[in-house]
Amino acid sequence: MQKVMVLGSGGREHAIAWKLAQSNEVGEVLCVPGNPGTEHEPKCRNLRVSPLDSAAVVAVAHGEGVSLVVIGPEAPLVAGVPDALRRSGIPVFGPNAAAARLEGSKAFAKEFMERHGIPTAAYGRFTSLAAGREFLQGCALPIVVKADGLASGKGVVIASTRAEAEEALARFLAWGPVLLEEFLEGEEASFIAIISDGQVLPLAGSQDHKRLLDADQGPNTGGMGAYSPAPILDAAMSERVRREVMQPMARALQKESLSYRGFLYAGVMVTSAGPKVLEFNCRLGDPETQPLLFRLRSDLYPVLYAAALAEPLPASLDWDPRTALCVVLAAPGYPEAAQIGAPILGLPKQEPADAKIFHAGTRAQDGGIVTAGGRVLGVTALGDSVASAQQVAYALADKIRWPGKQLRSDIGWRARGRG
Ligand code: AMP
Ligand code: GLY
Numbered sequence: 007m008q009k010v011m012v013l014g015s016g017g018r019e020h021a022i023a024w025k026l027a028q029s030n031e032v033g034e035v036l037c038v039p040g041n042p043g044t045e046h047e048p049k050c051r052n053l054r055v056s057p058l059d060s061a062a063v064v065a066v067a068h069g070e071g072v073s074l075v076v077i078g079p080e081a082p083l084v085a086g087v088p089d090a091l092r093r094s095g096i097p098v099f100g101p102n103a104a105a106a107r108l109e110g111s112k113a114f115a116k117e118f119m120e121r122h123g124i125p126t127a128a129y130g131r132f133t134s135l136a137a138g139r140e141f142l143q144g145c146a147l148p149i150v151v152k153a154d155g156l157a158s159g160k161g162v163v164i165a166s167t168r169a170e171a172e173e174a175l176a177r178f179l180a181w182g183p184v185l186l187e188e189f190l191e192g193e194e195a196s197f198i199a200i201i202s203d204g205q206v207l208p209l210a211g212s213q214d215h216k217r218l219l220d221a222d223q224g225p226n227t228g229g230m231g232a233y234s235p236a237p238i239l240d241a242a243m244s245e246r247v248r249r250e251v252m253q254p255m256a257r258a259l260q261k262e263s264l265s266y267r268g269f270l271y272a273g274v275m276v277t278s279a280g281p282k283v284l285e286f287n288c289r290l291g292d293p294e295t296q297p298l299l300f301r302l303r304s305d306l307y308p309v310l311y312a313a314a315l316a317e318p319l320p321a322s323l324d325w326d327p328r329t330a331l332c333v334v335l336a337a338p339g340y341p342e343a344a345q346i347g348a349p350i351l352g353l354p355k356q357e358p359a360d361a362k363i364f365h366a367g368t369r370a371q372d373g374g375i376v377t378a379g380g381r382v383l384g385v386t387a388l389g390d391s392v393a394s395a396q397q398v399a400y401a402l403a404d405k406i407r408w409p410g411k412q413l414r415s416d417i418g419w420r421a422r423g424r425g
């Protein structure tokens with residue numbers, strides 16, 4: 007029986023640990039540091055170690071004799087934790103820091119896509135106000151203004167006037183280079199694949215809800231809910247993304263000597279001219295992971311282990327054909343300034359069949375669970391239709407309470423709208 011380590015403490019990592027623990031090959035999942043959800047998961051054990059402390063992670067991985075380390079969030083990737091683990095001989099699922107620049111730097115990602123002909127929005131990169139202003143004189147509107155570097159949606163302005171674009175340009179230049187990008191019209195979806203030294207194994211499609219409020223209003227968040235499958239990524243469109251984005255990316259990474267063994271997440275805009283990449287992430291999405299792994303029937307452990315060693319991957323994965331949907335319950339004040347520390351009431355002792363509550367920002371306190379982060383829980387359910395998955399998820403979500411709890415009431419609306 008194998009021991010596997012999962013780095014991270016969010017809802018995505020709870021789902022990864024929960025799924026890995028179901029493998030017959032896995033005896034124990036060490037969650038570094040995990041959360042109160044993973045704490046109570048069968049076969050899981052939380053370890054109070056920082057996932058960003060390479061030396062500590064390497065020491066614990068060796069001390070515990072783990073067979074595989076799976077990296078959940080981007081921060082340990084950008085910090086080079088996989089590099090340190092690989093140097094010490096431990097199989098890792100998650101790319102090295104050099105490749106994680108695809109997520110860490112928008113300019114790096116855009117230049118990479120340009121070099122390799124990956125479909126994406128046309129853009130220019132600017133380091134001075136004068137040059138940026140000149141470009142803006144002749145450009146079409148709306149125009150997208152982006153700050154380079156990790157800004158989790160906060161460094162993006164879709165400007166409908168030149169004045170608005172100039173204001174954002176001037177503001178973002180204070181942080182570094184700014185990209186001015188063609189506005190793409192279409193529907194956004196998440197296409198994630200396992201990449202292992204040139205091999206591509208796509209996951210099912212999914213869709214996130216980035217805005218805080220119903221009908222996609224309000225500020226951008228990390229994601230207020232997600233579901234899979236996403237009807238916009240039907241078989242034909244998924245095949246296009248695999249062929250036009252993922253396979254060329256896998257080949258390009260090899261060509262540039264960037265050994266990539268991990269998840270590659272393409273945020274794609276499905277336009278009338280086909281799929282175009284908005285961004286890459288070098289990890290699974292949160293909350294897309296929760297519905298994705300809830301639908302996954304294949305054993306995840308052997309697939310990630312093979313990918314970590316660049317061994318042959320299966321041709322495809324087995325998915326529950328039903329819809330899985332995750333509703334995020336957030337703390338009041340999220341995303342600007344989440345107020346935390348409120349006792350969470352109404353958590354069921356046992357979840358109904360076909361539903362699962364993944365913990366994200368929670369903490370154990372005085373024998374109960376309190377809120378401890380912006381996104382607190384991800385209530386996930388499976389249903390024969392989007393409507394029935396919604397019914398189960400919302401019935402459960404409504405029972406869970408704390409003052410000022412925020413949730414969207416329309417997760418899955420695009421898919422439902424298609425009947
Ligand atoms: P990003 O951080 O690059 O993913 O951008 C955040 C959000 O802004 C995306 O999820 C899109 O909704 C929107 N966005 C970014 N770039 C574009 C673009 N070129 N055209 C239209 N919308 C965009
Ligand atoms: N849900 C979007 C992300 O994980 O980046």
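Quick note: the sequence shown uses our numbering, first residue 7, plus one each step. Yeah, the Cβ is synthetic: ideal placement off N, Cα and C, and Gly gets one too.
Compute the minimum distance between the beta carbon of G352 and the heavy atoms of the ligand GLY, and state whether it is under 7 Å.
-> No, the ligand GLY has no heavy atom inside 7 Å of this Cβ.
Expressed to the nearest angstrom, what Euclidean distance is found between the alpha-carbon atoms of T377 and R369?
-> CA-CA distance, T377 to R369, rounds to 6 Å.
Whose C-alpha, out of Y271, D203, G211, is nearest the C-alpha of K261?
-> D203
What's the C-alpha gap between L207 and I201?
-> 7 Å
What do you reckon, are the CB atoms on R414 and G231 nearer than 8 Å?
-> yes
Supposed close pair V426, K9 - CB separation, criterion 8 Å = Outside the displayed span of the chain (7 to 425) sits residue 426, for which this structure offers no information.
Cβ separation of L319 and S304, assumed to be a contact under 8 Å, to the nearest whole Å = Going by Cβ atoms, the distance from L319 to S304 rounds to 11 Å, so no, they are not a contact pair.
Would you identify the three-state DSSP class for D89, choosing helix, strand or coil?
-> DSSP places D89 in helix when its eight states are reduced to three.
Under 8 Å by Cβ, that's how I've got L306 and V385 pegged, so tell me the actual separation to the nearest angstrom.
-> Rounded, the Cβ-Cβ distance is 21 Å, inconsistent with contact.
Of all Cβ atoms in chain D, is any one closer than 8 Å to the Cβ of G78?
-> As a matter of chain content, chain D is missing from the structure shown, which is built from one protein chain.
Taking the C-alpha atoms as reference points, what is the distance between Y271 and A210?
-> 12 Å
CA-to-CA distance, M7 to V35, given in whole angstroms = 11 Å
Quick one: Cα of H365 to Cα of S166, how far?
-> Taking the Cα positions, H365 is about 38 Å away from S166.
Using the beta-carbon count (16 or more within 10 Å), is A61 buried or exposed?
-> exposed
Out of curiosity, what's the CA-to-CA distance linking H20 and V151?
-> 34 Å
Say whether the stretch 225-242 touches the stretch 173-188, bearing in mind that this needs 3 or more beta-carbon pairs closer than 8 Å, one atom from each stretch.
-> no
Given that a residue counts as buried once 16 or more other Cβ atoms are within 10 Å of its Cβ, and exposed if not, what is G356?
-> With the sequence shown as reference, residue 356 is identified as Gln, and Gly is not the correct amino acid for it. That one is exposed.
Note down, in chain order, each residue of its chain lying with its Cβ closer than 7 Å to the Cβ of E172, except the 5 sequence neighbours on either side.
-> These residues qualify, in order along the chain: R139, L142.
Would a C-beta distance cut-off of 8 Å place P225 and V247 closer than the cut-off?
-> no
In chain order, what residues of the same chain have a beta carbon less than 7 Å from the beta carbon of A403, not counting five sequence neighbours either side?
-> V333, L335, V385, L413
Integer-rounded CB distance, given that A67 should sit under 8 Å from L83 | Going by Cβ atoms, the distance from L83 to A67 rounds to 16 Å, so no, they are not a contact pair.
Cβ-Cβ distance between F300 and L388 below 8 Å = yes
Are E193 and A127 closer than 8 Å when you measure CB to CB?
-> For E193 and A127, no; Cβs fall outside 8 Å.
Does the Cβ of I198 lie closer than 7 Å to at least one heavy atom of the ligand AMP?
-> Closer than 7 Å to some heavy atom of the ligand AMP: that does not describe the Cβ of I198.
Is any heavy atom of the ligand GLY found at a distance shorter than 7 Å from the C-beta of N226?
-> no
Would you say the beta carbon of P426 comes nearer than 7 Å to a heavy atom of the ligand GLY?
-> Not covered by the structure: residue 426. The range shown for the chain is 7 to 425.
Going along the chain, which residues of its own chain have a beta-carbon closer than 6 Å to the beta-carbon of T295, five neighbours each way excluded?
-> R18, A21
Through-space distance from L58 to A85, alpha-carbon basis | 7 Å
Using DSSP with H/G/I as helix, E/B as strand and the rest coil, what is A370?
-> strand
Looking only at its own chain, which residues have a Cβ that is under 7 Å from the Cβ of F286, when we skip the five neighbours before and after it?
-> Counting only Cβ-Cβ distances below 7 Å, and skipping sequence neighbours, we find L108, E109, A115, L270, Y271, A272.
With A361 and A393 assumed to form a contact (beta carbons below 8 Å), what rounded beta-carbon distance in angstroms separates them?
-> A361 to A393, Cβ: 15 Å. No contact.
Can you tell me the Cα-Cα spacing of G33 and C50, whole angstroms?
-> 9 Å
Compare the beta carbon distance of P148 and I124 with 8 Å and say whether it is the shorter of the two.
-> No, these two residues do not count as a Cβ contact at 8 Å.
Using the beta-carbon count (16 or more within 10 Å), is T227 buried or exposed?
-> buried
Do L218 and L175 have their C-beta atoms within less than 8 Å of each other?
-> no
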